[in-house]
Structures are given as structure tokens and as C-alpha cells.
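Residue numbers (the UniProt record's numbering): 1 to 68.
The following block contains the structure:
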């Protein structure tokens, strides 16, 4: 029976890779921007839910003849 051998990464291999790590100030700016975007998404989601609720209410009134 034949087996396959795959080499994994060892510590020496990992040390040879150069990783980019942005300055902490830039990381904080990015985190703040992400927070702002998430807040805007939450506001937009609430607005969408309210709009859907109002639309559904309007549709119920329309089908019951309450608009005219």
C-alpha cells in the first residue's frame, strides 16, 4: 500500500514569511470606520422594518376599503 506524504509548515518556514501589520493608529481608524458602518446598517435595517410595517398596514386598509 502506498501512502502520500505532505509537508506541513514548521517554525523555520513560518519565520521566513513577512507579514504586513498596519500601524496601531491605522488599525484603530479602520475599527472606527467599521463601527460607523455597522451603526448605519442597523439604522437602515430599522428603517426598512418600519417601512415594511407601514406598507403592510396600508395594504390591509386598502383591501378593507378603508382608503377611499
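All C-beta atoms in this analysis are idealised placements derived from N, C-alpha and C, irrespective of residue type, glycine included. Since the model is a prediction, treat every value here as computed from it, not as a measurement.
Residue range of the alpha helix (DSSP H) that residue i falls in?
i	result
residue 7	That residue, residue 7, is in no alpha helix (DSSP H); it is neither H nor E in DSSP.
residue 67	Segment: none, residue 67 is in no alpha helix (DSSP H) and carries neither H nor E.
For residue i, decide whether its Cβ has a neighbour in chain D, counting only Cβ atoms nearer than 7 Å.
i	result
residue 11	The structure shown contains no chain D; it is built from a single protein chain.
To which residues of the same chain is residue i closer than 6 Å at the C-beta, ignoring the five residues directly before and after it?
i	result
residue 59	none
Which whole-angstrom value describes the C-beta separation of residue i and residue j, a residue pair presumed to lie in contact below a C-beta threshold of 8 Å?
i	j	result
residue 54	residue 61	Contact flag wrong, Cβ pair sits at about 11 Å.
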